[in-house]
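Residues 1 to 533 (UniProt numbering) make up the sequence shown, in order.
Ideal Cβ positions, reconstructed from N, Cα and C, are used throughout, including at glycine.
Quick caveat: nothing in here was measured; it's all calculated off a predicted structure.
Comments concern the structure below.
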Amino acid sequence: MKPLETATFTNSFVDELSGDPSRENVPRQVPGYHYSPVRPTPVAAPKLLVWSEEMGAELGLEQPPEQGAATELLAGNRVADSMRPYAARYGGHQFGNWAGQLGDGRAISLGELPGQDGRRWEIQLKGAGPTPYSRRADGRAVLRSSVREFLCSEAMHHLGVPTTRALSLVSTGDQVLRDMFYDGNAQDEPGAVVARVSPSFVRFGNFQLLLAHEETDNLRALADYVIRHHFPTLGATSPDSPEVYVAWLTEICRRTAEMVAHWQTVGFVHGVLNTDNMSILGLTIDYGPYGWLEPYEPGWTPNTTDFTNYRYAFGQQPQVCLWNLTQLAQALTPLVPDPELLRPALNQYVATFNRSHHVRLLAKIGLTASGNEEADKQLVGSLLPAMEGARVDMTLFYRHLSHLAPRLLAGESAEELATQLLQAASYAAPEAAESASLRTWLGQYAARLRQEPATPEAIQDGMLAVNPKYVLRNYLAQQAIEAAEAGDLAPLHTLHEVLKRPFDEQPEHEALAARRPEWAATKPGSATLSCSS
Ligand code: AMP
Ligand code: MG
1 MKPLETATFT
11 NSFVDELSGD
21 PSRENVPRQV
31 PGYHYSPVRP
41 TPVAAPKLLV
51 WSEEMGAELG
61 LEQPPEQGAA
71 TELLAGNRVA
81 DSMRPYAARY
91 GGHQFGNWAG
101 QLGDGRAISL
111 GELPGQDGRR
121 WEIQLKGAGP
131 TPYSRRADGR
141 AVLRSSVREF
151 LCSEAMHHLG
161 VPTTRALSLV
171 STGDQVLRDM
181 FYDGNAQDEP
191 GAVVARVSPS
201 FVRFGNFQLL
211 LAHEETDNLR
221 ALADYVIRHH
231 FPTLGATSPD
241 SPEVYVAWLT
251 EICRRTAEMV
261 AHWQTVGFVH
271 GVLNTDNMSI
281 LGLTIDYGPY
291 GWLEPYEPGW
301 TPNTTDFTNY
311 RYAFGQQPQV
321 CLWNLTQLAQ
331 ALTPLVPDPE
341 LLRPALNQYV
351 ATFNRSHHVR
361 LLAKIGLTAS
371 GNEEADKQLV
381 GSLLPAMEGA
391 RVDMTLFYRH
401 LSHLAPRLLA
411 GESAEELATQ
421 LLQAASYAAP
431 EAAESASLRT
441 WLGQYAARLR
451 QEPATPEAIQ
461 DGMLAVNPKY
471 VLRNYLAQQA
481 IEAAEAGDLA
491 PLHTLHEVLK
501 RPFDEQPEHE
511 ALAARRPEWA
521 ATKPGSATLS
531 CSS
């Protein structure tokens, strides 16, 4: 383990792709290039607020003191000699409409460090100041949204969901003006910078913009770069042949399907699934107005910007990711002789998602795929509307079910246990008529559970290992933010620690596993969020 300031960075993106020769750091179009070299703009008084020990250990880095050389690097106040900082050029579809050039408007990649297995991780500062892609915005991020990104990306990792990571959260000592509710009442908020980490930050939108500008050589160079570094087994035999691009898209589709299947079974709502927020590695990326389902409700999104169409609501995510993948396939058409060659990859997405979603849901209720697949599909298929009808909290429901499974197997009355389950997990009255389907379902489930060959203990252990007790409930994040803004970091640190072991009981933190309190159902920041960050 060594101090960050002694680390030597590599810069494959900058070394191997095509860079903007201009150093003019003003908003502009950058046709013809993959990125613009740009240095972070220093901040007033950087202070390290949170450090991810696990990510640090992966990179061989020791935890830095609150202030000093490492924190200066993590705030963008200092650039190491080995770094070649850059902002990437990309475009994207925002809410279904082509938006043209977007790019890293406030994220600046510093360079790469090797992980424990020698593979490289890119370190990127979010909120590091303006770049040529900042358009009309300031290049900064507020503490509120930075806490949200730090906590959630690390929590997702510990849940086993593919995601970009966070290394550090630094407060800047600067104020940042934001109109949080888009109501004309802009206010100063404390600024912050998150150092986030990923093998790559390339998005679907990087390729889309190159198609839009007919930059086919750049398109091919970027595809080959990504394959060479991140999908090395694919390109090994015959690089840049159409078969390699087809196999690559197929793998992107497979990974994206697995990622969304994870989201749908932990209750994560991304909130802004624009194509510029889709990672080419199938990682959850760009934590903005995301949220966690509390009452199970497929139509729910926390993002107020999406309240007219609900395009990115929980239940829409699998479909929207397919739409996004279709845009990516479109962007890759110049690399293959016949666009039809790309279609099977999209079919692969649908097949992988359906399979993975089904198997994950089965595991959540303690079942292994049986010979009677149709019956199992029906059982799982009837659970989701029943959960919605009964207004059960998604996390509490599965966690309690894990504890009830052995009791159902021991012959306790399903009717009796249904009442207990509803009392523990529902936002409605347990006797509500809308809960009838869930009661019926539990009886059917008990019958199916008895066909499982595993012991009751093994079934329960399996369920507790996939049904988290602790997730980043929307109001918990907001409480940690409000405390941090007032100078109290304890709730933030506690939440960070507890979410590292989401499947462990941690009885001393029971309060963080509680049902959402009534006041949080409508509170801005908890129930609703905007893109202002
Ligand atoms: P997002 O909705 O956060 O994914 O951002 C969409 C686009 O807006 C990306 O190109 C971002 O870089 C850019 N953007 C968001 N916030 C800012 C900001 N404060 N300053 C500059 N660019 C920003
Ligand atoms: Mg984004």
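C-beta atoms of residue i and residue j nearer than 8 Å
{"i": "Met259", "j": "Leu283", "result": "yes"}
{"i": "Pro302", "j": "Ala514", "result": "no"}
{"i": "Cys253", "j": "Gln330", "result": "no"}
{"i": "Gly173", "j": "Val142", "result": "no"}
{"i": "Gly366", "j": "Leu438", "result": "no"}
{"i": "Ala390", "j": "Ser435", "result": "yes"}
{"i": "Ala45", "j": "Leu125", "result": "no"}
{"i": "Leu417", "j": "Leu408", "result": "yes"}
{"i": "Leu249", "j": "Ala375", "result": "no"}
{"i": "Gly111", "j": "Thr10", "result": "yes"}
{"i": "Ala483", "j": "Leu335", "result": "no"}
{"i": "Tyr290", "j": "Gly271", "result": "yes"}
{"i": "Arg165", "j": "Ser198", "result": "yes"}
{"i": "Leu113", "j": "Leu48", "result": "no"}
{"i": "Pro524", "j": "Tyr475", "result": "no"}
{"i": "Ala87", "j": "Ser36", "result": "yes"}
{"i": "Val161", "j": "Tyr296", "result": "no"}
{"i": "Thr71", "j": "Val170", "result": "yes"}
Nearest residue (CA-CA) to residue i, options the options
{"i": "Pro21", "options": "Thr10, Tyr33 and Phe13", "result": "Tyr33"}
{"i": "Leu273", "options": "Gly56, Gly299, Glu251 and Gln317", "result": "Gln317"}
{"i": "Ala432", "options": "Leu209, Leu74 and Ala386", "result": "Ala386"}
{"i": "Phe13", "options": "Arg120, Pro298 and Asn185", "result": "Arg120"}
{"i": "Leu379", "options": "His358, Arg391, Asp15 and Glu388", "result": "His358"}
{"i": "Val50", "options": "Pro524, Leu499 and Leu489", "result": "Leu489"}
{"i": "Gln423", "options": "His400, Arg448, Trp323 and Gln479", "result": "His400"}
{"i": "Glu485", "options": "Leu61, Asp188 and Met55", "result": "Asp188"}
{"i": "Leu341", "options": "Pro502, Val244 and Gln506", "result": "Val244"}
{"i": "Glu508", "options": "Glu497, Pro517 and Arg516", "result": "Glu497"}
{"i": "Glu294", "options": "Ala57, Tyr398 and Ser145", "result": "Tyr398"}
{"i": "His262", "options": "Glu16, Pro517, Lys364 and Arg203", "result": "Lys364"}
{"i": "Ala69", "options": "Glu412, Gln101, Pro3 and Lys500", "result": "Pro3"}
{"i": "Gly443", "options": "Ala465, Ser426 and Glu412", "result": "Glu412"}
{"i": "Val176", "options": "Ala351, Phe201 and Gly127", "result": "Gly127"}
{"i": "Asn218", "options": "Met1, Asp461, Asn467 and Leu17", "result": "Leu17"}
{"i": "Leu492", "options": "Ala7, Cys152 and Gly92", "result": "Cys152"}
{"i": "Ala447", "options": "Ala465, Thr494 and Glu415", "result": "Glu415"}
{"i": "Leu361", "options": "Leu167, Leu384, Val269 and Leu159", "result": "Leu384"}
{"i": "Thr352", "options": "Leu322, Ser370, Thr6 and Asp338", "result": "Leu322"}
{"i": "Asn467", "options": "Gln479, Gly92 and Glu505", "result": "Glu505"}
{"i": "Gly115", "options": "Pro232, Ala7 and Met83", "result": "Ala7"}
{"i": "Trp519", "options": "Gln478, Ser530 and Ala465", "result": "Gln478"}
Residue i versus residue j: straight-line alpha-carbon distance, rounded
{"i": "Leu332", "j": "Thr368", "result": "38 Å"}
{"i": "Gly205", "j": "Thr256", "result": "15 Å"}
{"i": "Met180", "j": "Pro242", "result": "46 Å"}
{"i": "Pro130", "j": "Leu281", "result": "26 Å"}
{"i": "Gly105", "j": "Gly118", "result": "30 Å"}
{"i": "His403", "j": "Leu472", "result": "21 Å"}
{"i": "Leu512", "j": "Ala155", "result": "14 Å"}
{"i": "Pro430", "j": "Ala221", "result": "59 Å"}
{"i": "Tyr470", "j": "Ala212", "result": "43 Å"}
{"i": "Ala313", "j": "Glu54", "result": "32 Å"}
{"i": "Thr395", "j": "Thr440", "result": "20 Å"}
{"i": "Ala186", "j": "Ser532", "result": "10 Å"}
{"i": "Ser279", "j": "Leu210", "result": "16 Å"}
{"i": "Ser52", "j": "Ala80", "result": "21 Å"}
{"i": "Arg89", "j": "Ser426", "result": "46 Å"}
{"i": "Ser145", "j": "Gly288", "result": "7 Å"}
{"i": "Val193", "j": "Gln420", "result": "45 Å"}
{"i": "Val30", "j": "Thr41", "result": "20 Å"}
{"i": "Gly462", "j": "Asn77", "result": "47 Å"}
{"i": "Phe229", "j": "Val43", "result": "For clarity, residue 229 is His in the given sequence; the question names Phe instead. If I take the Cα positions, the gap works out to 33 Å."}
{"i": "Asn25", "j": "Val38", "result": "7 Å"}
Distance cut-off 7 Å: residue i Cβ against heavy atoms of the ligand HEM
{"i": "Val272", "result": "In terms of ligand content, the structure shown lacks the ligand HEM and carries the ligand AMP and the ligand MG instead."}
Interface flag, residue i vs chain B, CB-CB below 8 Å
{"i": "Leu396", "result": "The chain labelled as chain B is not found in the depicted structure, where only one protein chain is given."}
Curious, which full-length beta strand (DSSP E) runs of at least 3 residues does the region 139-217 contain?
The region 139-217 contains these whole beta strand (DSSP E) runs: 165-178 and 187-198.
Runs of 4 residues minimum, wholly inside the region 459-497: which ones carry the alpha helix (DSSP H) assignment?
474-485
Can you list, in chain order, the stretches of the beta strand (DSSP E) that have 3 or more residues and sit fully within the region 295-326?
Correct list: empty.
Check your reading: residues with Cβ closer than 5 Å to the ligand MG heavy atoms:
The answer, residue by residue, is Asn277 and Asp286.
Just to confirm the assignment: which complete alpha helix (DSSP H) runs, minimum length 4, are found wholly within the region 47-100?
53-58 and 69-75
Scan the region 342-381 and note each continuous beta strand (DSSP E) run of 3 residues or more that stays entirely inside, going in chain order.
Listed in chain order, nothing qualifies, since the region 342-381 has no complete beta strand (DSSP E) run of 3 or more residues.
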